[in-house]
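Trainee: Going letter by letter, the sequence shown gives residues 210 to 361 in this note's numbering. One structure, as structure tokens, below. Some questions next.
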Amino acid sequence: MTPAALRQIAGVDVLPRLLNGPELAESMKRHYPAGLRGRGTAGSVLVDLSIDERGRVTDVTALPAPKAHGLKGLRLDLGGSPAEAATPASTAQFGGAVRVALGVAQFSPAQLDGKSVPFTLRMTARFSDPDAQDGIRARPESRRTPPEQDSD
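Right under this line is the structure:
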């Protein structure tokens with residue numbers, strides 16, 4: 210995309226870039242809803258991130274899931290690849306967690322005319338169950354008590 214096109218579409222010359230991906234990924238795992246752990250539940254939430262001129266997240270707003278009809282736009286997940294749209298169930302289940310989890314994100318600031326400026330970034334945050342393995346629901350580990358042995 211040319212700088213002129215970026216400026217026309219986004220209102221800035223340079224978009225914010227995520228600086229602490231591994232820390233953010235850990236935060237997403239840490240804040241996955243406790244009541245859903247081990248069920249294999251995944252979800253996505255459409256959010257607006259307010260990023261200040263220093264690249265700090267100052268507000269996270271979970272948005273309602275878009276209606277099925279209407280315009281379909283490209284949204285990016287944290288890895289920069291196309292992501293699915295949020296669903297009402299995902300927003301309800303993960304909306305609170307996403308506000309806390311994304312609070313640790315650090316970005317390079319957006320720039321306009323060489324100066325750092327505040328920016329609102331719309332993105333889809335995706336959650337997957339950290340206790341499920343390879344898409345399979347995690348099951349509580351069964352602990353079998355060995356039978357008592359006679360000590361004759």
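Beta carbons are placed, not taken as given, at the ideal position from N, Cα and C, and that holds for glycine. Every value quoted in this text rests on a predicted model; they were computed, and no experiment measured them.
Contact defined as beta carbons within less than 8 Å: I believe L255 pairs with L272. What is the distance between those atoms, to the nearest angstrom?
Mentor: Confirmed, Cβ separation roughly 4 Å.
Trainee: Determine the direct distance from the alpha carbon of K324 to that of D286, and round the result to whole angstroms.
Mentor: In this prediction, D286 scores a pLDDT of 46, lower than 50, which makes its location untrustworthy; the coordinate-derived value is nonetheless stated afterwards. So the two alpha carbons sit approximately 26 Å from each other.
Trainee: Which partner residues of I218 appear in the DSSP bridge assignment?
Mentor: According to DSSP, I218 bridges with nothing at all.
Trainee: Just list the residues that DSSP pairs R335 with in beta bridges.
Mentor: Partner(s): S253.
Trainee: Check whether the Cβ atoms of P153 and L330 lie closer than 8 Å to each other.
Mentor: Absent from the structure is residue 153, since the part of the chain shown begins at 210 and ends at 361.
Trainee: On the CB-based measure, 16 or more other CB atoms within 10 Å of its CB, does V309 come out buried or exposed?
Mentor: exposed
Trainee: Between A306 and the rest of its own chain, which residues show a CB-CB distance below 6 Å, the 5 nearest in sequence each way excluded?
Mentor: Closer than 6 Å at Cβ, skipping near neighbours: H240, P242.
Trainee: How many angstroms separate the CA atom of Q217 from the CA atom of L321?
Mentor: 12 Å
Trainee: Of the choices V266, S337, M332, D338, whose alpha-carbon is the least far from that of G312?
Mentor: V266
Trainee: What's the call for L233, buried or exposed, on a 16-neighbour Cβ count within 10 Å?
Mentor: buried
Trainee: Just to confirm, are L227 and F316 a CB contact at a threshold of 8 Å?
Mentor: yes
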